[in-house]
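Data block below; observations after.
Here you go:
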C-alpha cells in the first residue's frame, strides 16, 4: 500500500486540511507563560471542593448528557431559561457545532479578520468556505460590509482577539438587524469588558453568544464553554452535539466556579488592574497598544532606535522566547505582524516581562 | 421571524437530523441501573489519587493538546509506538472523527446491523449514507457481503453490541484482506473477551481499533477513549480533532487506571464470573441468550406460558422499569425486539434483578 493510502480514502477536502496550531504548552514551572490568555490565578477553591466531592461519589457512571444543572445555572446567571443554553467541551466544541450546522460545501461562514484563528480551521474541516472581512488598522466594525456577505453564519469576536478591542452593543445590535443569518458573538473575553451582548439576546432572535470558563474563571484545564441563544438554535446544536460531551468533573467544577461570584469578581478586578498598569507601561515606551477589554495586550513594539514593524516584533518575540518568556506572535498578516499579543499574567510574571523588555531595549 | 427560522438557515441535511438517544441516566441511588453497560465497580483508587494531585497542581492552564503521556502509555500497553495512538473525549469522539474524515455526501460508511446505534447518527450528522449489513439470527460475520459494500469505512463492533457476540480474529483478518477501505473494529467491550484485534494491526494496515475507558476501567464519567492504528490514519484524525479535546483530569485519570493492571484484572474477572452465573440463570429458565464476551447479556425472555417475542420482551421491560430496574430495549427491529440487553451489575443488583424476574414470572 502506498504512503498516501489513507489520504486517498479520505474525503477530498480532508486531504488538504491543515490542523489548528494551538499556543505552545511547555512545562510551566520553567516558563513565564503569556501566550494563551490563561488566568494567572487559580480557579475558585470551591471548584476543587466540588470535584473532590464528585470523585468520592464515583466516576463509573456516565455524566448527565445535557449538563442540566449547569444549563440551569448559566441560564439563571444571564436571566434566561435553561432551554436558552447549551454546554460544550470548551467553547471550541460549540463553535464547531455551529459551523457543522450552518456551514458546509457551498455554504460559507464569515468572520472579521483578524479574529480567533480557529474559525477558518473549523470551516475547512466542514468543507465550507471562509469569508474574511478585513478590519482596517482602526479595528472599527464595518456593519454594512459584514451585512452584505453571502453566509448564513457570521462570527464576531467581541472583545476581539488578538487586538483586545471591544465592539459597542449598539453596533452589534445594528449588525443583527441588517444581517439576515445567525450572528455569533464570541465572548471568550467579555468578562474583562465594559459591556456584553447577552442583554441583546431577547430582542434579537438571530443573535447568539458563546462564552468560556477557560479565561475569567481560570479553568482552561477543564474544557467547559457554553452557548446562549434562542431555544430553536439550541435545539439544532443539540442534534449535532455528542451526547456525553462534558464529563462529570467538568460539569460540577464549572458550576462551582460560576456560583462563586465574589472570587470571580476579585480575580477579574486584579487582572484588569494589571492590564491597565502594563498598558501604561507600553504607552510610556511609545508603543501603540489597542485599548484592551480582555486579559491580554496587543502591542506594537519599537526597538531602541524607535523603529517598529515585522522585523522588530519578530526580534522581540525571539528575544523573549530565548529567555523563556512565551508570548503569541501572528506573523502571517500585515495587520498583526508588527504586534505581539501578551496575556496579562501575575504581577511577578509581568515584572519579569518588563525587565526583559528593558534588557532588550538596552542590548545591542 | 417564523418558528423555522434556524432550521431554514441550517444545512439541508441538518434539518432532518434526529439526535442520538442515550440510555436513561436517572438519579442512581434509587435505581438498579443495568441499561448502559457501566462498570458496577468503582475505578482503581489510583484514579482518584492522580486526579487529586492534578487538582492541586491547578486547572488554570490548558491541557496537553496531544495527551502525550496517555498516547505513550496506551501505545506501550499494546506494544505500539505513540504515533499509533489518538486519544478522544470518549471513543464516541474518535468514531465521529473517523466518520468526518471518510464519510460525507456521496461517500457512505458501512456497519453490521444490529450494532452500536450511534454510528447511523454520526453518519447522518456528516451528511453521509449509512449502509447496514444485516446479520442473520445466528449473528455470523458475512465477510464476503461486507467486503462488497461500496464504502471507504466499515465499522465492526467486536464483541458486538447489543448481542455480546465476538468475532474471531481469523475472520476479522480475512475481512481486512478483502475490504479495500478502512476497517474500524470497535472494541468497547474487548476487555471482557477471549481475544482482540489489536494484535492484527501491524500486518493489516487498513485495520484500526477503538477502545474506551468507560466500561472495563469504570470511567464512564470521565470520557476517555482511544484509537490505535497506522500513523498515517492517526495523522488524518488529528487534523479534524479539537486541539484540546481531552481535559487535564481525564488525561491523568485514564493514565492512572491504565497503569493499575492488577485492579483492572480483578474487576474484569469479577464481572465475567457474574456474567457466566447469570447466563446460566437465563439458560435454566430456557431463555435463549447469545454467548457474551462483554459486560452485558442479550437475552430473549419467555413468559410463564413459555412464550417469547416482542410483546413478551416489552412486558418484562415495563415490569422492570416500574420496579426501578433499568435495562435496555431495542424495539425497532426484528433481530432485537424480542430481546433485552442487561448490563452485568454487582452481585446484589443481579440478585434484585433475578428476584424481580421471578416475581414477573409468578405474576398474573
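Chains as they are written, first to last, in our numbering: chain A, 4 to 367; chain B, 4 to 367. C-beta: ideal position from N, C-alpha, C; glycine also. Owing to the predicted nature of the structure, the values given are computational and were not obtained by experimental measurement.
Let me confirm a value: residue i is counted as buried when at least 16 other C-beta atoms fall within 10 Å, else exposed. Which label applies?
i	result
residue 171 of chain A	exposed
residue 147 of chain A	exposed
residue 53 of chain B	buried
residue 143 of chain A	exposed
residue 82 of chain A	exposed
residue 153 of chain B	exposed
residue 113 of chain B	buried
residue 256 of chain A	buried
residue 13 of chain B	buried
residue 24 of chain B	exposed
residue 307 of chain B	exposed
What do you reckon, are the CB atoms on residue i and residue j nearer than 8 Å?
i	j	result
residue 248 of chain B	residue 96 of chain B	yes
residue 299 of chain B	residue 167 of chain B	yes
residue 354 of chain A	residue 37 of chain A	no
residue 57 of chain A	residue 346 of chain A	no
residue 311 of chain B	residue 321 of chain B	no
residue 90 of chain A	residue 17 of chain B	no
residue 76 of chain A	residue 261 of chain A	yes
residue 336 of chain A	residue 117 of chain A	yes
residue 20 of chain B	residue 127 of chain B	yes
residue 359 of chain A	residue 305 of chain A	no
residue 342 of chain B	residue 316 of chain B	yes
residue 214 of chain A	residue 228 of chain A	yes
residue 106 of chain B	residue 129 of chain B	yes
residue 338 of chain A	residue 9 of chain A	no
residue 349 of chain B	residue 313 of chain B	no
residue 133 of chain A	residue 119 of chain A	no
residue 43 of chain A	residue 352 of chain A	yes
At the level of alpha carbons, what is the spacing between residue i and residue j?
i	j	result
residue 218 of chain A	residue 46 of chain A	10 Å
residue 3 of chain B	residue 273 of chain B	Because chain B in this structure spans residues 4 to 367, residue 3 of chain B falls outside the shown range and cannot be described.
residue 64 of chain A	residue 366 of chain B	32 Å
residue 141 of chain A	residue 186 of chain B	53 Å
residue 237 of chain B	residue 189 of chain B	16 Å
residue 376 of chain A	residue 362 of chain B	Outside the displayed span of chain A (4 to 367) sits residue 376 of chain A, for which this structure offers no information.
residue 294 of chain A	residue 331 of chain A	18 Å
residue 267 of chain B	residue 49 of chain A	32 Å
residue 1 of chain B	residue 323 of chain B	Lying before the first or after the last residue shown, residue 1 of chain B is absent from chain B, which here runs from 4 to 367.
residue 165 of chain A	residue 125 of chain A	18 Å
residue 101 of chain A	residue 226 of chain A	17 Å
residue 79 of chain B	residue 60 of chain B	26 Å
residue 162 of chain A	residue 183 of chain A	22 Å
residue 157 of chain B	residue 205 of chain B	19 Å
residue 159 of chain B	residue 115 of chain B	6 Å
residue 291 of chain A	residue 51 of chain A	40 Å
residue 356 of chain A	residue 276 of chain A	16 Å
residue 263 of chain B	residue 135 of chain B	38 Å
residue 191 of chain B	residue 220 of chain B	11 Å
residue 176 of chain B	residue 209 of chain B	10 Å
Please name the residue in the options whose C-alpha comes closest to that of residue i.
i	options	result
residue 230 of chain B	B:293, B:251, B:200	B:200
residue 216 of chain A	A:117, A:325, A:224	A:224
residue 11 of chain B	A:10, A:110, A:347	A:110
residue 169 of chain B	B:261, B:297, B:51	B:297
residue 251 of chain B	B:180, B:203, B:55, B:192	B:55
residue 71 of chain B	A:255, A:23, A:28	A:28
residue 104 of chain A	B:351, B:268, B:22, B:205	B:22
residue 241 of chain A	A:176, A:99, A:333, A:112	A:99
residue 232 of chain B	B:88, B:15, B:20	B:88
residue 193 of chain B	B:207, B:177, B:178, B:212	B:212
residue 181 of chain A	A:191, A:160, A:207	A:207
residue 68 of chain A	A:133, A:254, A:174, A:43	A:254
residue 7 of chain A	B:309, B:234, B:334, B:278	B:234
residue 131 of chain A	A:108, A:283, A:275	A:108
residue 364 of chain A	A:288, A:209, A:136, A:271	A:288
Give a single yes or no on whether residue i has its beta carbon closer than 7 Å to a heavy atom of the ligand FMN.
i	result
residue 140 of chain B	As for the ligand FMN, it is missing from this structure, which has no ligand bound.
Does the beta carbon of residue i sit closer than 8 Å to a beta carbon anywhere in chain C?
i	result
residue 13 of chain B	Judged by its chain identifiers, the structure shown contains no chain C, and its protein chains are A and B.
- Message: Quick check for students: name the residue ranges of the alpha helix (DSSP H) that lie wholly in the stretch 241-281 of chain B, counting only runs of 4 or more.
- Response: 251-262
- Which parts of the stretch 117-158 of chain B are runs of the alpha helix (DSSP H), unbroken and 4 residues or longer, counting only runs that do not cross its ends? 121-128, 146-150
- Message: Runs of 3 residues minimum, wholly inside the stretch 181-213 of chain A: which ones carry the beta strand (DSSP E) assignment?
- Response: 185-189
- Note down, one range per segment and in chain order, each beta strand (DSSP E) of at least 3 residues found wholly within the stretch 279-365 of chain B. 299-303, 343-346
- Segments assigned beta strand (DSSP E), at least 3 residues, entirely inside the stretch 25-80 of chain B: none
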